[in-house]
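Just so you know, the protein sequences line up as chains A and B, in that order.
Note that this note's numbering has the first sequence beginning at 535, numbered continuously upward.
Note that this note's numbering has the second sequence beginning at 16, numbered continuously upward.
Cβ coordinates follow ideal geometry from the N, Cα and C atoms, glycine included.
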Amino acid sequence: MKVSELAKALELRLISAEGYEDREVTGCYIGDLLSWVMGRAEPGDAWITIMSNINIAAVASLADTACVILAEGVVPDPGVKEKCDMQDIIVLGSDKTAYELAAGYARLT
Amino acid sequence: MVKHYEISGTDFANAGEASSDFKAMLKKIGVPTDVIRKVSIAMYEAEINTVIHGQGGYCDAELQPDRVIITFTDNGPGIEDIERAMQAGYSTATDEIRNLGFGAGMGLPNIKKYTDDMQIESEVGKGTTVVLTIKLFK
Numbered sequence: 535m536k537v538s539e540l541a542k543a544l545e546l547r548l549i550s551a552e553g554y555e556d557r558e559v560t561g562c563y564i565g566d567l568l569s570w571v572m573g574r575a576e577p578g579d580a581w582i583t584i585m586s587n588i589n590i591a592a593v594a595s596l597a598d599t600a601c602v603i604l605a606e607g608v609v610p611d612p613g614v615k616e617k618c619d620m621q622d623i624i625v626l627g628s629d630k631t632a633y634e635l636a637a638g639y640a641r642l643t
Numbered sequence: 016m017v018k019h020y021e022i023s024g025t026d027f028a029n030a031g032e033a034s035s036d037f038k039a040m041l042k043k044i045g046v047p048t049d050v051i052r053k054v055s056i057a058m059y060e061a062e063i064n065t066v067i068h069g070q071g072g073y074c075d076a077e078l079q080p081d082r083v084i085i086t087f088t089d090n091g092p093g094i095e096d097i098e099r100a101m102q103a104g105y106s107t108a109t110d111e112i113r114n115l116g117f118g119a120g121m122g123l124p125n126i127k128k129y130t131d132d133m134q135i136e137s138e139v140g141k142g143t144t145v146v147l148t149i150k151l152f153k
């Protein structure tokens with residue numbers, strides 16, 4: 535499934551720059567502790583988190599997640615969008631809970 | 016090929032820059048993606064440790080024909096009990112650091128998990144040196 539398809543199905547807001555939504559999503563991971571995410575998320579995962587600070591950019595990039603989904607209406611801290619755009623990281627937002635998002639993803643697969 | 020990085024002890028916004036840069040270089044050269052992933056995770060954790068615990072330092076990342084060797088050196092407080100520091104879940108990070116999503120006590124265990132060899136030398140009051148080795152081939 536493409537990120538764009540996931541975004542449409544779950545009514546996600548695109549926070550980062552357009553142009554990379556063709557990327558394939560192959561799994562899903564929920565986590566806010568960055569070391570856990572680094573060590574356990576699989577490449578291609580849609581990473582659902584409520585962590586909004588600048589370090590999510592490094593983690594998403596190094597762990598090769600397909601996209602970051604900020605749950606529960608969380609907005610990224612200043613500078614996060616710019617950093618993610620620089621590194622081609624897709625950031626999406628939603629008012630849904632992490633559980634609702636993951637359950638929504640599961641229904642699509 | 017050796018890349019040298021200075022790591023600031025206060026700059027959380029740029030923590031991960033060294034790891035991101037070295038990852039990009041490995042990708043450009045065509046190093047297998049599973050190896051790049053291992054290097055990225057281990058190097059990022061060590062870089063974050065250098066920022067959080069080491070009060071900054073430097074990193075030398077070397078690509079050899081069959082392995083990657085990355086050395087992190089800091090002049091921080093040192094590690095009192097390395098065995099304890101290696102335990103998953105053990106952390107001395109402050110609440111402020113934890114609020115940023117760090118300090119889960121997974122840094123060193125993650126490094127060990129994703130490297131083929133990890134050596135820690137530390138002296139209380141002097142600093143810590145961590146050497147990571149990741150083989151390019153199985």
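Annotation for E555(A): K536, V537, S538, A541, I624 place their beta carbon closer than 7 Å to its own, counting only its chain and skipping 5 residues before and after.
Here DSSP, grouped into helix, strand and coil, assigns R52(B) to helix.
K153(B) and V609(A) have their alpha carbons spaced roughly 42 Å apart. In the three-state reduction of the DSSP assignment, R82(B) falls in the strand class, which pools E and B. In this structure the region 55–72 of chain B touches the region 88–96 of chain B; the number of beta carbon pairs closer than 8 Å is three or more. Chain-order list of chain A residues neighbouring S35(B): A592, S595, L596, Q621, by C-beta distance under 8 Å. A551(A) and K617(A) have their C-alpha atoms some 11 Å from each other. Taken in chain order, the complete alpha helix (DSSP H) segments of 4 residues or longer contained in the region 558–640 of chain A are 568–574, 589–597, 614–620. The Cβ of S628(A) sits no closer than 7 Å to any Cβ of chain B. DSSP places G142(B) within a strand segment (E or B) once states are collapsed to three. The CB of I588(A) comes closer than 8 Å to the CB of F27, A28 in chain B, given here in chain order. Not flagged as an interface residue toward chain A: I97(B), since no C-beta distance is shorter than 7 Å. DSSP, reduced to helix, strand and coil, places F87(B) within a strand of the structure shown.
In the structure shown, G72(B) adopts extended strand secondary structure according to DSSP, grouped into three states. Along the region 566–579 of chain A, going in chain order, the ones with a CB nearer than 7 Å to a CB of chain B are D566, L567, L568, S569, W570, M572, G573, P577.
Contact check for V571(A) and A597(A): beta-carbon distance about 6 Å, within the 8 Å limit, so the pair qualifies.
Exclusion of the five residues before and after Y563(A) leaves V571, R574, A575, E576, D579, A580, W581, I582, T599 as the residues of its chain whose Cβ lies within less than 8 Å of its Cβ.
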